[in-house]
Every structure is written in structure tokens, then in C-alpha cells.
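The opening residue of the sequence shown carries number 105 in the working numbering; numbering runs sequentially from there. We put the CB at the ideal spot given by N, CA and C, even for glycine. Heads up: the structure comes next, in C-alpha cells.
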Amino acid sequence: MNWYKTILEVHTSGKGLYEVSAFLREQLRQWEVDEGICYLFLQHTSASLLITESWDPSARADLETFMEKLVPEGERWYTHTLEGADDATSHIRAMMTDVSITIPIDNGDISLGQWQGVYLFEHRKRPHRRRILMRVLEMGD
């Protein structure tokens, strides 16, 4: 067994979904990992990680619209607004999704379904630099 690790920095331009699948695949190619487990952890509380539809952009747009309606900005009862009107909502949205993902690795690739992609979901309006820790445990003979 071998243990690999790196950090992926994603520069966001504001709210939205940012696919990171290609980076993960390239990293596995560089490490020459054939079989194992890929663990991702996002070091932030106002963004999240998720696996969702990667082929049709309208599926991601629907997800963003759903989240906007589910956790709307500007509610008068929000008290955590130190960094702006999207402060409380970004934390709530991140809590409702997740900041970590585990993905099996088979035949040198992350084992996603045909239409799946791995995304960073930015919940803040302003640009941010997000850090995703990537840890891979390679299973060997």
C-alpha cells in the first residue's frame, strides 16, 4: 500500500459549480495509481464538494436555482452577516451538502458513473481561493 497526497487550489469567480474531475484524473495518472481510494476534503465552511451530473449544464443550473430557493439570502433573522449578506447562507448551504467525498479508484481512474463529475460548489458571491486536500490510498499486491 502507498499513500499519496496533494492540494488542489481552485480559484472561483463567485457562486457556481467548478468541476475538478480532470485534475483528479491527471493526478492519478502522475502517481500511476491503478486501484485504491481517493479522499477529498475541502478546507472551508462556505463552499462544498459534491458529485453531480457533468454532461448537461442545465442540471447544474437547476441545482444552483434549487439551493437559492431553499436557502435564500437576505432573511431578516440571519445574524451571521459579518462578511456580507451571503455569509450565513453560504455556511448553511455548505452544511446541507458536504465538505468531503470518498471515491473508489479502479483501472487508474476515479470510478464515477458515465454522467458524474466531481465539483466544488462555491456558495459565496465574491471570488475565493479554495483548497481541496486530495489523499489517495493505493491498494497493491
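Rounded to whole angstroms, what's the CA-CA distance from Y143 to L186? Just pull it up for me.
Taking the sequence shown and counting its residues from 1, the one referred to as residue 143 is at position 39. Taking the sequence shown and counting its residues from 1, the one referred to as residue 186 is at position 82. Rounded to the nearest angstrom, the two C-alpha atoms are 32 Å apart.
Beta-carbon within less than 7 Å of W135's beta-carbon, same chain only, minus the 5 sequence neighbours each way: which residues are those?
Residue numbering aside, residue 135 sits at position 31 when the sequence shown is read from its first letter. Correct list, in chain order: Y108 and V240.
Candidates H115, E139 and V124: closest to D210 by CA position
The residue given as residue 210 occupies position 106 in the sequence shown. Per the Cα distances, E139.
Do K229 and G120 have their CB atoms nearer than 7 Å?
Taking the first residue of the sequence shown as position 1, residue 229 is located at position 125. Taking the first residue of the sequence shown as position 1, residue 120 is located at position 16. Going by C-beta atoms, K229 is not nearer than 7 Å to G120.
Residue burial classification, S152 (beta-carbon count within 10 angstroms, cutoff 16)
Position 48 of the sequence shown holds residue 152. The residue is buried, with at least 16 neighbouring Cβ atoms inside 10 Å.
Across the segment 162-177 and the segment 192-201, are there enough close Cβ pairs to call them in contact, namely three or more that are closer than 8 Å?
yes
Can you give the Cα-Cα distance for V124 and H184, rounded to whole angstroms?
For the purposes of this step, residue 124 is taken as the residue at position 20 of the sequence shown. For the purposes of this step, residue 184 is taken as the residue at position 80 of the sequence shown. Going by the C-alpha atoms only, they are around 30 Å apart.
Beta-carbon within less than 7 Å of D213's beta-carbon, same chain only, minus the 5 sequence neighbours each way: which residues are those?
Here residue 213 refers to the residue found at position 109 of the sequence shown. Once the five neighbours on either side are set aside, the close Cβ partners of D213 are R129 and L132.
Kindly list the residues whose CB is nearer than 6 Å to the CB of G217, restricted to its own chain and excluding five residues on each side of it in sequence; keep chain order.
By 1-based counting over the sequence shown, the position of residue 217 is 113. Excluding positions up to five away in sequence, the list is empty.
Between T201 and L146, is the Cβ-Cβ spacing less than 7 Å?
Against the sequence shown, residue 201 aligns to sequence position 97. Against the sequence shown, residue 146 aligns to sequence position 42. Result no, Cβ atoms of T201 and L146 do not sit closer than 7 Å.
Buried or exposed, going by whether 16 or more other CB atoms sit within 10 Å of the CB of I111?
As a position in the sequence shown, residue 111 is number 7, starting the count at 1. Under this definition I111 is an exposed residue.
Residue from A126, Y122, S150 and A163 whose Cα sits closest to the Cα of Y223
As a position in the sequence shown, residue 223 is number 119, starting the count at 1. Distance from the Cα of Y223 is smallest, within the candidate group A126, Y122, S150 and A163, for Y122.
Ends of the beta strand (DSSP E) at W107?
The sequence position of residue 107 within the sequence shown is 3, counting from 1. Unbroken beta strand (DSSP E) run through W107: N106 to T116.
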